[in-house]
Structures are given as C-alpha cells and as structure tokens.
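Scroll down for the structure; my scribbles are underneath it.
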Amino acid sequence: MKSLQIKDKTLTLIQRSIPDRQEGEALIRVLMAGICQTDLELLQGYQSFAGVPGHEFVGRVEESSDRPEFVGQRVVADINVGCGLCSWCLQGDQRHCPQRSVIGLRGHSGAFAEYLTAPTGNLHLVPEGLSDREAVFAEPLAAALEISQQIHIKSTDRVAVLGDGKLGLLTALALRVFSPHLVLIGKHPRKLELAAAQGISTHLIESGQNTIAKAGPGPFDILVEATGNPQGIDSALDYVRPEGTIAIKTTSHARTELDLARITVNEINMLGSRCGDLDLALSFLERKHLDVLPLIEAIYPYADFQEAFDLAGTKGSKKVLIDLQSSIP
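Sequential numbering of the sequence shown, starting at 235, is according to my numbering.
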C-alpha cells in the first residue's frame, strides 16, 4: 500500500505492506484524512517524529474478528492506545496511560496511508447522515469540546477563544453552545467572518495591538488559548481577569516562557486540554449544532499530498483534507 512518511523533516510517499491486524484490532481502509497543525509541527521536528502521520480521519472497517458487526461500517477512532494494564487504563482513561501509543503521533502508524489498524474498542460508528468531509472533523471537534467537560461554563461567564486558526475557529463554534456570548479573537478577517456567519461575536486584533486594554472587550472569565504559537500563553494573560481560567490548546515543538509572577499574583488557573469524547463530537455533528463544511479550505487527491501540506501550512488557511480514495500513482 501507499503511505506518507515523515523522516528527517521530509514528507515522502512510500510503498509499505498493509499492516498486520493484531488480536482485538480492526483493519481500516482510510477514506479521508485531515491535516492538523500538529502534523505540521511533526514535519518541523516536534517530538523527533518519524513514521506515518495523520490522526484526523474517517475510514471503513475491512476486517474485525472480535466485532464482526463493524465490517463495512464507517468509523472514526480515539487516537490514544493504552497498555490496558495500568491504573489509568483500568479507569478507562487511555489518553494518560504512561505506555500509550498514539495513532499518527507516537508509536502507531497514522491515517495518511491506504490502511491502518486500531483497537476495536477505540472505534466509533459514523452516523449514516454524515458525509466523510463532516465526519473527518470528529477528532478535532472532540478536542474542542473537551474544554466543556473540564470546565463548568456558565451562561453568565465571559468566554473568549484567542486564535482563529483551524482549532481556534472550531473551538469557538463548539463552545458557542455553552456560552452564547462567546468572543473569537483573531487576526484574519476571513476566518472571523466564518465565525460571525454562525452567530459568534468576533474581535479583530489590528496590527500592533496585543493587549485587551488596547484591543477591545474583556477581560474574560475563561480564555481558551488556541493560537498555535509558543508565545500565545503570554498573550492570553492579557485577556483573562484575575482569578480567571486559561485553557491551553497549543502544542508546539518550540519552547515557551511563562511569566510566573504574573500568573501567581493574579491567581490565574492554568488548564491543559487535549483529546475529547468522539461520541459527543459525532452527536454535535449529527444534530447540526455547528456547520464544519465552511471550515474546509480544499480537498486534495492523495497524489497531490505535497500541495495539500503546503497549503495547510500557509498562514491563514482553513482545514485541508486529503481524499485517500482518489487515484494514487
């Protein structure tokens, strides 16, 4: 089968064998995969990654001995694969298993390939009414919604998302359900217009503005940092009130510096936020709580993977998808 491989910060198309399905796993034919900011970070050297990337995908089950009812069904998958034996796994929390592998990110080949394997326990059936291009958003939407599971967001809370990139825009659309007055703060008018079209208040940071005192509304009770910038947390401190909460979404291969005195003096709560509940995300998509289709920049055939990654890495681009069922050279 054909698959994409990152090695020495280079992305290439290679030929490799279809992965062997282990006991308790399903063999999945990938239908469509999304390029995430983390994939771009891996290509730049994040976690010294080498292998097949891709963790946002929808596929069709080809083989599954322990769950034969899955065969022929479209699925998405939790990306964390735990050891099954540690205290975290025994509590049903694979994502914090110290020995976990992560599909397309650590120790487990990802979705930019014709086929991949995943534990059947990680699979979630895609509702019939969802298209592939909608279902591929399930994993990042689950991550966006995780904030609502970590923080009790009251309707009276002043909530903002800082950053109108791929995840920031999706997070704003997801959290709007919990915070009707949520504000998306960003630098790209086109992205902010997409959010405004779905009922979200927006604020454009003009060139040279970097603090809430200069930029407009605030400070906020809850601030989601989704800039994708290693220095974004420093900007987030400009927007949150004393004793407020910052939920951090950015992952970066570059290190960042924190103003600990500012955090301590203002008694800011800092919360890391990562993966989420795929069933919740699929429910949001099925019930049309948000429309993800306007968030798609382009869909490329597999053969044009380099153009797809180049576009995904272009500043201000929206979500770029790769159609793995298109012709492959």
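Quick reminder that beta carbons are idealized off the backbone N, C-alpha and C, glycines included. Remember, predicted model here, so these are calculated numbers, not experimental data.
On the DSSP bridge assignment, give the partners of ASP511 in chain order. To locate residue 511, count along the sequence shown from 1; it is residue 277. DSSP, once it has assigned bridges, lists no residue as partnering ASP511.
Out of curiosity, what's the CA-to-CA distance linking ALA449 and ASP472? In the sequence shown, residue 449 corresponds to position 215, counting from 1. In the sequence shown, residue 472 corresponds to position 238, counting from 1. The pLDDT assigned to ALA449 is 46, lower than 50, so where the model puts this residue is not dependable; a value taken from the coordinates is nonetheless given after this. So the alpha carbons of these two residues sit roughly 10 Å apart.
What do you reckon, are the CB atoms on VAL417 and HIS437 nearer than 9 Å? For the purposes of this step, residue 417 is taken as the residue at position 183 of the sequence shown. For the purposes of this step, residue 437 is taken as the residue at position 203 of the sequence shown. Result yes, Cβ atoms of VAL417 and HIS437 sit closer than 9 Å.
Can you grab the Cα-Cα spacing for the pair PRO528 / LEU319, in whole Å? Taking the sequence shown and counting its residues from 1, the one referred to as residue 528 is at position 294. Taking the sequence shown and counting its residues from 1, the one referred to as residue 319 is at position 85. Cα to Cα, the separation comes out at about 42 Å.
Given a cut-off of 9 Å on the beta-carbon distance, is the pair GLU303 and ALA260 in contact? Within the sequence shown, numbered from 1, the residue matching residue 303 stands at position 69. Within the sequence shown, numbered from 1, the residue matching residue 260 stands at position 26. No.
Is LEU339 closer than 9 Å to PHE291 when the C-beta atoms are compared? As a first step, residue 291 is located in the sequence shown; it is residue number 57 there, counting from the start. As a first step, residue 339 is located in the sequence shown; it is residue number 105 there, counting from the start. No, Cβ-Cβ distance for PHE291 and LEU339 is not below 9 Å.
Nonlocal neighbours in the same chain, by C-beta distance under 6 Å from THR445, ignoring five residues either side: For the purposes of this step, residue 445 is taken as residue 211 along the sequence shown, with counting starting at 1. Annotation note: pLDDT 47 at THR445 (below 50); position unreliable, coordinate value reported separately. Cβ neighbours of THR445 beyond the five flanking positions: ASP472.
Quick one: complete beta strand (DSSP E) runs, 3+ long, within the stretch 265-346? 290-297, 308-311, 335-337
Taking 8 Å as the threshold, find out whether the stretch 392-400 comes into contact with the stretch 329-338 through three or more Cβ pairs. no
Just to check my reading of the structure: VAL309 and HIS358 have Cβ atoms closer than 8 Å, yes? What is that Cβ distance to the nearest angstrom? Residue mapping note: residue 309 aligns to position 75 of the sequence shown, counting from 1. Residue mapping note: residue 358 aligns to position 124 of the sequence shown, counting from 1. About 6 Å separates the two Cβ atoms, so the contact holds.
Pull up the CB-CB distance for ILE240 and GLY285, whole angstroms please, since I reckon it's below 8 Å. Working through the sequence shown from its first residue, we reach residue 240 at position 6. Working through the sequence shown from its first residue, we reach residue 285 at position 51. Their Cβ separation, rounded to whole angstroms, is 7 Å, which keeps ILE240 and GLY285 in contact under 8 Å.
Given this structure, state the Cα-to-Cα distance separating ALA447 from SER517, to the nearest angstrom. In the sequence shown, the residue the question calls residue 447 occupies position 213. In the sequence shown, the residue the question calls residue 517 occupies position 283. Low local confidence applies: a pLDDT of 44 at ALA447 is under 50, so the model's placement there is unreliable, with the coordinate-based value given in what follows. Rounded to whole angstroms, ALA447 to SER517 spans 38 Å at the Cα level.
Of the residues LEU519, ASP455, GLN328, GLY462, which one's Cα is nearest the Cα of LYS388? If you number the sequence shown from 1, residue 388 lands on position 154. It is ASP455 whose Cα lies nearest to the Cα of LYS388.
When we look at the beta-carbon of PRO374 and count the other beta-carbons within 10 Å, is it buried (16 or more) or exposed? Along the sequence shown, one-based indexing puts residue 374 at 140. That one is buried.
Measure from the alpha carbon of GLY466 to the alpha carbon of each residue in ALA488, PRO453, GLY478, PRO476, then state which is nearest. Within the sequence shown, the letter at position 232 stands for residue 466. Looking at the Cα atoms, ALA488 is the closest of the given residues.
Whether or not the stretch 348-363 and the stretch 413-432 are in contact is what I'm after, with contact meaning three or more pairs of Cβ atoms, one per stretch, closer than 8 Å; do they touch? no
Let me check one thing: in DSSP terms, what residues is THR405 bridge-paired to? Residue mapping note: residue 405 aligns to position 171 of the sequence shown, counting from 1. BP columns for THR405 are empty, so no partner.
Which partner residues of MET235 appear in the DSSP bridge assignment? To locate residue 235, count along the sequence shown from 1; it is residue 1. Looking at the DSSP assignment, MET235 forms no beta bridge with any residue, so it has no partner.
Return the CA-CA distance between LEU505 and GLU520, expressed in angstroms with no decimal places. Against the sequence shown, residue 505 aligns to sequence position 271. Against the sequence shown, residue 520 aligns to sequence position 286. For LEU505 and GLU520, the distance between alpha carbons rounds to 29 Å.
Quick check on the burial criterion: 16 or more other C-beta atoms within 10 angstroms. Buried or exposed for CYS317? Start at 1 with the first residue of the sequence shown, and residue 317 comes out as number 83. Burial call: exposed.
Nonlocal neighbours in the same chain, by C-beta distance under 6 Å from SER551, ignoring five residues either side: Here residue 551 is taken as the residue at index 317 of the sequence shown, counted from 1. So the qualifying residues of the chain are GLU531, LEU545.
Going by alpha carbons, who is nearest to GLU368 out of GLN540, LEU555, VAL526? Counted from its first residue, the sequence shown places residue 368 at position 134. For the residues GLN540, LEU555, VAL526, the minimum Cα distance to GLU368 belongs to VAL526.
For a quick check, are the C-beta atoms of ARG250 and MET235 less than 9 Å apart? Residue 250 sits at position 16 when you count from the first residue of the sequence shown. Residue 235 sits at position 1 when you count from the first residue of the sequence shown. Yes, these two residues count as a Cβ contact at 9 Å.
Using only the alpha-carbon positions, how far apart do ALA376 and LEU512 sit? Within the sequence shown, numbered from 1, the residue matching residue 376 stands at position 142. Within the sequence shown, numbered from 1, the residue matching residue 512 stands at position 278. Going by the C-alpha atoms only, they are around 5 Å apart.
9 Å Cβ cutoff met for GLN383 and GLY510: The residue given as residue 383 occupies position 149 in the sequence shown. The residue given as residue 510 occupies position 276 in the sequence shown. Cβ atoms of GLN383 and GLY510: closer than 9 Å.
Burial state of THR548, where buried means 16 or more other Cβ atoms lie within 10 Å: The residue given as residue 548 occupies position 314 in the sequence shown. With fewer than 16 other Cβ atoms within 10 Å, it is exposed.
Using only the alpha-carbon positions, how far apart do ILE556 and GLU477 sit? As a first step, residue 556 must be located in the sequence shown, where it is residue number 322. As a first step, residue 477 must be located in the sequence shown, where it is residue number 243. Roughly 43 Å between the two C-alpha positions.
Please classify ARG496: does DSSP put it in a helix, a strand, or coil? Mapped onto the sequence shown, residue 496 falls at position 262. Helix.
Neighbourhood of LYS553 by C-beta, 7 Å cutoff - its chain only, sequence neighbours within 5 removed: The count along the sequence shown starts at 1 and reaches residue 553 at position 319. These residues qualify, in order along the chain: GLY268, LYS400, LEU529, ILE530, GLU531.
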